[in-house]
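Note sheet for the following structure.
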Amino acid sequence: MIDNSIEPFDPEAGWSRLAAASERLATTRSLDEVVVVLRETARAVVGAEGIAVVIREADTCFYAAEDAVGPLWMGSRFAIESCVSGWAMLNRQTVVIPDIRSDDRIPQDAYRPTFVRSLVMAPVGKPEPIAAIGAYWSAVREHDATAIARLEALARSAAIAVENARLLASIRDSERQREIALAAGRMGVWSVDLPTRTLKTSAMCRATFGRDPGEEFSFAAMRAAIHPDDRESVFATIAQSIASANDCDLEHRVVTASGETCWIAIRAQPTYAADGTPLMLAGVSVDITARKRMEEALRDAAATFEHLVVERTRELVQTQEALRESQKLEAMGQLTGGVAHDFNNLLTPIIGSLDLLQRRAVGGEREQRLISGALESADRAKTLVQRLLAFARRQPLNPGAIDIVTLLIEMSTLIGTTIGPQIAFHLDIADDLPLAHADANQVEMAILNLAVNARDAMPDGGALTITAKLDTARLEHRAGLSEGQYILLSVADTGTGMDEETRTRAIEPFFSTKGVGRGTGLGLSMAHGLALQLGGALAVTSKVGAGTLIELWLPVSDVTILAVATPPVAEPPLQQSGTALLVDDEDLVRAATADMLAELGFVVIEARSGAEALVLLDAHASIDILVTDHVMPHMTGAELAHAAMLRRPGLRVLVVSGYSDAGGLSPDLPRLEKPFRQADLATHIAAVMHMPLAPPSA
Numbered sequence: 080m081i082d083n084s085i086e087p088f089d090p091e092a093g094w095s096r097l098a099a100a101s102e103r104l105a106t107t108r109s110l111d112e113v114v115v116v117l118r119e120t121a122r123a124v125v126g127a128e129g130i131a132v133v134i135r136e137a138d139t140c141f142y143a144a145e146d147a148v149g150p151l152w153m154g155s156r157f158a159i160e161s162c163v164s165g166w167a168m169l170n171r172q173t174v175v176i177p178d179i180r181s182d183d184r185i186p187q188d189a190y191r192p193t194f195v196r197s198l199v200m201a202p203v204g205k206p207e208p209i210a211a212i213g214a215y216w217s218a219v220r221e222h223d224a225t226a227i228a229r230l231e232a233l234a235r236s237a238a239i240a241v242e243n244a245r246l247l248a249s250i251r252d253s254e255r256q257r258e259i260a261l262a263a264g265r266m267g268v269w270s271v272d273l274p275t276r277t278l279k280t281s282a283m284c285r286a287t288f289g290r291d292p293g294e295e296f297s298f299a300a301m302r303a304a305i306h307p308d309d310r311e312s313v314f315a316t317i318a319q320s321i322a323s324a325n326d327c328d329l330e331h332r333v334v335t336a337s338g339e340t341c342w343i344a345i346r347a348q349p350t351y352a353a354d355g356t357p358l359m360l361a362g363v364s365v366d367i368t369a370r371k372r373m374e375e376a377l378r379d380a381a382a383t384f385e386h387l388v389v390e391r392t393r394e395l396v397q398t399q400e401a402l403r404e405s406q407k408l409e410a411m412g413q414l415t416g417g418v419a420h421d422f423n424n425l426l427t428p429i430i431g432s433l434d435l436l437q438r439r440a441v442g443g444e445r446e447q448r449l450i451s452g453a454l455e456s457a458d459r460a461k462t463l464v465q466r467l468l469a470f471a472r473r474q475p476l477n478p479g480a481i482d483i484v485t486l487l488i489e490m491s492t493l494i495g496t497t498i499g500p501q502i503a504f505h506l507d508i509a510d511d512l513p514l515a516h517a518d519a520n521q522v523e524m525a526i527l528n529l530a531v532n533a534r535d536a537m538p539d540g541g542a543l544t545i546t547a548k549l550d551t552a553r554l555e556h557r558a559g560l561s562e563g564q565y566i567l568l569s570v571a572d573t574g575t576g577m578d579e580e581t582r583t584r585a586i587e588p589f590f591s592t593k594g595v596g597r598g599t600g601l602g603l604s605m606a607h608g609l610a611l612q613l614g615g616a617l618a619v620t621s622k623v624g625a626g627t628l629i630e631l632w633l634p635v636s637d638v639t640i641l642a643v644a645t646p647p648v649a650e651p652p653l654q655q656s657g658t659a660l661l662v663d664d665e666d667l668v669r670a671a672t673a674d675m676l677a678e679l680g681f682v683v684i685e686a687r688s689g690a691e692a693l694v695l696l697d698a699h700a701s702i703d704i705l706v707t708d709h710v711m712p713h714m715t716g717a718e719l720a721h722a723a724m725l726r727r728p729g730l731r732v733l734v735v736s737g738y739s740d741a742g743g744l745s746p747d748l749p750r751l752e753k754p755f756r757q758a759d760l761a762t763h764i765a766a767v768m769h770m771p772l773a774p775p776s777a
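Numbering (this note's numbering), first residue to last: 80 to 777.
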C-alpha cells in the first residue's frame with residue numbers, strides 16, 4: 080500500500096511510536112504478522128518518506144512489504160551481493176547513506192525510477208541477520224543519530240519477534256509429530272488437574288476406556304469405569320506416585336459402556352508447584368486386552384500340561400513335552416509373523432519420514448540430532464523384528480553354499496573388538512572343511528550374538544574359543560539331528576555358566592539373565608530358529624562356574640567349489656522422470672512411500688487396493704512402474720502384479736512386503752522388504768527399471 084501524504088514529523092513522538100511498535104511486535108505469532116507491524120509502524124518511528132521490509136531468502140533479498148510516498152520494490156527479489164539490504168545483512172551493520180548517487184554500494188539502475196535520494200538500512204537479527212528495514216527520503220540529508228537509534232531499536236524488537244515466531248512454528252511442528260507418533264502407537268493421552276479433579280482426555284484415550292470418543296469423559300466417569308475390584312489398588316498406586324514424585328506405572332481392568340471387561344496399561348508422571356504442591360498427573364493409556372487374554376490362555380495351557388505330567392508315564396511325558404514345545408514354537412511363530420507384519424507397516428512410514436527429514440536437513444543441529452536418534456531407535460526396532468522372525472523361522476533366508484573358514488577369518492577382527500581385550504580369543508578351524516548350506520548374513524549374526532553372550536558371561540575376563548569342524552550325526556543324536564554329516568560350529572567360553580533350569584530355558588524367546596535393558600532375550604532363540612530353518616540344530620551345554628558350550632550344526636552343501644565372485648556391474652542411474660502407480664491399503668505407509676517416489680522424480684498415482692489399481696492402470700497409459708504392497712485384502716500384490724503384466728506386458732513391477740508375507744511371490748518377481756529408506760527404494764527401482772523384460776510368471 081502506498082501513502083502519498085507527508086505529515087510533519089515530531090522527533091519526540093518517534094520514541095512513543097517506537098514503544099507502541101515494540102509492544103505490537105511482542106504479540107506477533109508469525110513472520111507474516113511481524114512484516115505487517117513493521118510496514119504499518121516503521122515509517123512513523125523514524126519520520127521517513129518511505130520504508131521497506133526485506134527478508135533474506137538464502138542468497139536473495141525479498142522485498143516483502145513497503146509503505147512510501149511512491150513505489151519502491153514491493154515483491155521483487157535481488158541477489159544479496161547486489162543490493163544495500165544485502166550489504167547490511169552480510170556485514171551485520173547499519174548502512175547510513177546521505178546521498179545515494181555518491182555511494183558505490185547503491186545499484187543506480189534499481190534506484191533511478193524511485194523517489195529515493197537518501198536512506199538508512201538496519202539489519203534484523205543476531206548473530207546472523209535474517210531481514211532488514213530500510214528507511215528512505217527524497218532529498219539529500221545528514222541523518223541524525225537519534226533517528227538511526229530508533230530504527231536500530233525497532234530492528235532489535237523485530238528480531239526478537241521473528242525468533243519467537245520461528246520458535247512457535249517449531250513447537251507446532253513438534254506437536255504434530257507427537258500426535259502422529261501417538262496415533263501410530265494407538266496411545267491415548269490424558270491429564271488430571273489434581274486440585275480440581277478436572278480430567279482432559281484424547282479421543283483415543285476415551286476409546287481405550289470403552290467410551291464414545293466424541294463424548295465428554297469426566298474424572299467421576301473415569302473412576303466409575305475402573306473395575307470395582309481394581310479401583311482401590313489403582314488409586315493407592317496413584318497416591319503413592321504423587322507422594323513420592325515417582326512415575327506411575329500400572330495395569331488394571333476397565334468396564335466398558337457395554338459391560339465388557341478390558342485391560343489397559345497407563346504410564347504417568349506428576350508435576351508440582353514451586354512449593355511442592357501437586358498440580359497435575361499426566362500420562363498415556365494403551366489397550367492391552369489381547370495380551371492379557373493370551374497370557375491367560377498360556378497359563379491355562381501350562382496348567383493342563385502340568386496335570387498330564389502327573390498322570391502319565393515318563394516316556395509319554397517326554398513325548399507330550401516335545402509336542403507342547405512344538406506347539407508353543409508354532410504358535411509363537413504365527414504370532415511373531417503377524418506382529419512383524421504390523422511392526423513393519425508401522426516402521427515403514429516412521430523410518431521413511433525420519434529419513435526424509437534428515438536428508439532435507441530440517442531444523443537446526445538439535446533437531447537433526449533428535450532425528451538421528453529417532454532413526455537409530457527405529458533401526459534397532461527393525462533389528463528386533465528380524466531376530467523375532469529368525470526365532471520363529473519366518474525370516475526369509477537366502478541359503479547357498481558358504482565357506483565357513485573364510486567367514487570366520489573375516490569376522491575374527493570384529494569378534495575380537497566386540498569381546499574386548501580382557502578376553503582371549505581363539506579360532507580352531509579344521510583343515511579341508513567342506514562348504515556349508517546356509518545364509519551367510521544370518522550365520523554371521525548368530526555367531527556375533529553368541530560371542531556377545533559369551534562376553535557378558537565373563538565380566539572379569541576369560542577365554543572364548545570358536546571351533547569349526549566336520550561332524551557326523553548318528554541315531555538318537557543329542558540335538559535330534561537326522562543321520563548324516565554336518566558342519567559343527569562351537570562357541571565355548573570360560574564364564575559363569577548356567578544351572579540346569581537356566582540352560583533348559585536358554586533358547587526360549589525373551590528369556591534373559593542379563594537384567595532389564597541389557598538384552599532382548601532373542602540371541603539364542605534367533606540362532607536356534609536359524610539352525611532349524613536350515614535343517615540343522617542347536618544345543619547348549621553348561622555348568623555353573625565351568626563355562627558354556629553352544630553347538631550349531633549346519634548342513635553340508637552339495638556344492639564342492641565356491642564360485643569366484645566377480646565385481647558387480649554398476650547399475651545405470653535411476654531415471655529422473657516417469658509415472659509410478661503406488662498401491663498399499665495402509666494410509667501411513669502409502670503416504671511415506673509416495674513422498675519417497677516423488678523425491679526420486681516420479682509422478683505418483685495412489686491406489687488403496689488391487690481392484691482400484693487395475694482401474695487406474697487402464698485409465699493412465701503413462702504409468703511406467705507398479706509399486707505394490709503384497710498383503711492386501713481381496714487381492715495380494717503378487718496377484719495384482721500378474722494381472723497388471725498381462726494387461727501391460729512392458730510394465731515394470733516392484734512388490735513391497737514384510738518378512739512374514741512372502742508366500743505366493745514368484746522367485747523372479749522383484750521384491751523390497753519393509754521397512755526401508757529412500758536409498759533402498761531407489762536401488763530396487765533402478766534395478767527393476769533396467770532389468771530385461773520377461774513374460775509374467777503364472
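Beta carbons: idealized from backbone N, C-alpha and C, even for Gly.
Per DSSP, reduced to three states, the secondary structure at G267 is strand. At a Cβ-Cβ threshold of 8 Å, A547 and I483 count as neighbours. By the beta-carbon neighbour count (other beta carbons within 10 angstroms, threshold 16), N532 is buried. In the DSSP annotation of this structure, the continuous segment of the alpha helix (DSSP H) that includes H721 starts and ends at 716-726.
Taken atom to atom, the span from the alpha-carbon of L493 to that of I502 is near 14 Å. DSSP places A533 outside any beta strand (DSSP E); the residue lies instead in the alpha helix (DSSP H), whose first and last residues are 519-535.
Only residues of its own chain outside the window of five on either side were considered, and among them A616 have a CB closer than 8 Å to the CB of G559, listed in chain order. The C-beta of Q319 has fewer than 16 other C-beta atoms within 10 Å across all chains shown, which makes the residue exposed. Rounded to whole angstroms, the separation of the alpha carbons of L609 and H516 is 12 Å. M577 sits buried, since 16 or more C-beta atoms from the chains shown fall within 10 Å of its C-beta. Within the DSSP bridge table, the entry for F157 names C140 as partners.
P307 sits in a helix when the DSSP states are folded into three classes. Taking G624 as the centre and dropping the five residues before and after it, the same chain places the C-beta of T575, G576 closer than 8 Å to its C-beta, in chain order. In terms of Cα proximity to C327, the closest of I317, T335, V333, V334 is I317. In this structure, DSSP gives H699 a state outside helix and strand, which the three-state scheme calls coil. Beta-bridge pairing by DSSP links V683 to A659. Non-local beta-carbon contacts of L603 in its own chain, meaning distances under 8 Å to residues more than five positions away in sequence, involve N528, L529, N532, A585, I586, L617, V619, I629 in chain order.
With 16 or more other CB atoms across the displayed protein chains lying within 10 angstroms of its CB, R229 is buried. Out of T225, M524, V163, the CA that lies nearest to the CA of A211 is found in V163. The beta carbon of I508 sits closer than 7 Å to the beta carbons of V484, L487, A547 from its chain, once the five residues preceding and following it are set aside; these are given in chain order. Secondary structure at A353: coil, using DSSP grouped into helix, strand and coil. As a beta-bridge residue in DSSP terms, R731 pairs with I704. When C-beta atoms of the stretch 143-154 are compared with those of the stretch 167-185, fewer than three pairs fall below 8 Å, so the two segments do not count as touching.
Beta bridge pairing from DSSP links V365 with A344. When rounded, the separation of the alpha-carbon atoms in A324 and S270 is 16 Å.
The three-state reading of DSSP puts L273 in coil, since its state is none of H, G, I, E or B.
Cα atoms of M605 and G541: separation of roughly 25 Å, rounded to the nearest angstrom. In the DSSP assignment, T544 falls within the unbroken beta strand (DSSP E) covering 541-552. Per DSSP, reduced to three states, the secondary structure at H222 is coil, with no helix or strand assignment.
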